[in-house]
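*Asks:* This is the structure, below, for whatever I ask next.
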Amino acid sequence: MLIKAALNGSRARHEHEALPLSPASLARDAAEARAAGAGAVHVHARDRFGRETLEAEHCADTIDAVRAANPGLLLGLTTGLWIVKDAARRLALVDAWTRIPDFCSVNFAEDGTDELCQLLLRKGVGIEAGLHSVADARVFATSAFVDKCLRVLIEIDDPATPDPVASAAAIGRVLEGSGIHLPIVQHGFGPSAWPVLSDAVARRYDLRIGLEDTLVMPDGVPAKNNAALVAAAVALVSAHA
3 MLIKAALNGS RARHEHEALP LSPASLARDA AEARAAGAGA VHVHARDRFG RETLEAEHCA
63 DTIDAVRAAN PGLLLGLTTG LWIVKDAARR LALVDAWTRI PDFCSVNFAE DGTDELCQLL
123 LRKGVGIEAG LHSVADARVF ATSAFVDKCL RVLIEIDDPA TPDPVASAAA IGRVLEGSGI
183 HLPIVQHGFG PSAWPVLSDA VARRYDLRIG LEDTLVMPDG VPAKNNAALV AAAVALVSAH
243 A
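The numbering of the sequence shown is the numbering used here, which starts it at 3 and goes up by one.
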């Protein structure tokens, strides 16, 4: 079972004292998460002011730092459209990347998904298909990229979702009904993080956890850092074995 550590996401510096933003801190957290049981990390590169960025310089600095400290660890970057708010601009920035991550998450609800997927495949980057809703799953099921993706992300990140576990299950049913049998990574956000993760363990899906997704442990106590969250996920898996 893959446990992927989502180290920082879109969170601001003030949200947690251990939130890693710089290349050096991301490299350190990746090493600690790996030691705790993570088999991959997902990061949002930041510029010198701590802002999310897709610019080649900052993405390269982040990739180089994480890989130097963690040889062989699978590394993924975000491609979130909210970072630049323009699909053509995002495509140009990703095209300019001089360092290539192992994989990128691509949100299938966003504009420009097809062009982005084509570009990532040309650059040799694995694609994680980010599905946030049943509608996203239906779009993905009819896309040309089903057989070209590395895995699927079932992502329940809307705090207004009344039943996050049921919403995740509904996405899973669309995938199953469409004959899609790619590896699935499932995760929630905020209050839904641990219930959705527990459901993923029960379904034998792969997992994602980290400060991007939640700032607290399963018992609601503030998490010390990303490694503590990964260790808690490992314990959850062991308890269900």
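Even for Gly, the Cβ is constructed at its ideal location relative to N, Cα and C.
What you are looking at is a predicted structure, and each value in this text was computed from that prediction instead of being measured.
Which value, in whole angstroms, describes the spacing of the CA atoms of Asp149 and Gly181?
*Replies:* 11 Å
*Asks:* The alpha helix (DSSP H) spanning His242 covers which residue range?
*Replies:* Asn228 to His242
*Asks:* For Ala235, which residues of its own chain have a beta-carbon under 6 Å away from its beta-carbon, when the five flanking residues on both sides are left out?
*Replies:* Ile5, Leu209 and Ile211
*Asks:* When the distance is taken between beta carbons, is Asn10 closer than 7 Å to Glu178?
*Replies:* no
*Asks:* Alpha carbon to alpha carbon, how far is Val45 from Leu28?
*Replies:* 8 Å
*Asks:* Do you know whose CA, among Phe105, Ala204, Thr81 and Asp104, lies nearest Ala94's CA?
*Replies:* Thr81
*Asks:* Return the CA-CA distance between Phe266 and Arg69, expressed in angstroms with no decimal places.
*Replies:* Past the boundaries of the shown model lies residue 266; the chain is included only from 3 to 243, so the question cannot be answered.
*Asks:* Please state whether DSSP places Leu155 in a helix, a strand or coil.
*Replies:* strand
*Asks:* If contact is defined by three or more beta carbon pairs under 8 Å, each pair taking one atom from either stretch, is the region 116-134 in contact with the region 84-93?
*Replies:* Output reads yes: the region 116-134 touches the region 84-93.
*Asks:* Taking 7 Å as the cut-off, decide whether the C-beta atoms of Glu19 and Ala229 are in contact.
*Replies:* no
*Asks:* What are the start and end residues of the alpha helix (DSSP H) that includes Glu130?
*Replies:* Note, Glu130: premise wrong, no alpha helix (DSSP H); beta strand (DSSP E) at Gly128 to Leu133.
*Asks:* Pairing CB atoms from the region 60-68 with CB atoms from the region 93-108, are three or more of them under 8 Å?
*Replies:* yes
*Asks:* Can you name, in chain order, every residue of its own chain whose Cβ lies under 7 Å from the Cβ of Ala170, other than the five neighbours on each side?
*Replies:* Exclusion of the five residues before and after Ala170 leaves Ile156, Ile158, Gln188, Val198 and Asp201 as the residues of its chain whose Cβ lies within less than 7 Å of its Cβ.
*Asks:* At what residues does the beta strand (DSSP E) containing Ala253 begin and finish?
*Replies:* No information on residue 253 is available, as it lies outside the stretch 3 to 243 that the chain covers here.
*Asks:* Round the Cβ separation of Ala131 and Val154 to the nearest angstrom and send it over; I've been treating them as touching at under 8 Å.
*Replies:* That pair is a contact at about 5 Å.
*Asks:* Taking DSSP as the reference, what is the three-state secondary structure of Ala225?
*Replies:* coil
*Asks:* Counting along the chain, where does the alpha helix (DSSP H) carrying Leu123 start and finish?
*Replies:* In the DSSP assignment, Leu123 falls within the alpha helix (DSSP H) that extends over Thr115 to Arg124.
*Asks:* Could you say which of Phe147, Ala40, Phe110 and Thr163 lies nearest to Ala139 if we only look at CA atoms?
*Replies:* Phe110
*Asks:* Could one say the Cβ of Val167 lies closer than 7 Å to chain C's Cβ atoms, at least one of them?
*Replies:* The question asks about chain C, but that chain is absent: this structure has only one protein chain.
*Asks:* The beta strand (DSSP E) that contains Phe105, what's its start and end?
*Replies:* Counting along the chain, Phe105 sits inside the beta strand (DSSP E) bounded by residues Phe105 to Asn109.
*Asks:* Is it buried or exposed for Asp31, if we count other Cβ within 10 angstroms and need 16 for buried?
*Replies:* buried
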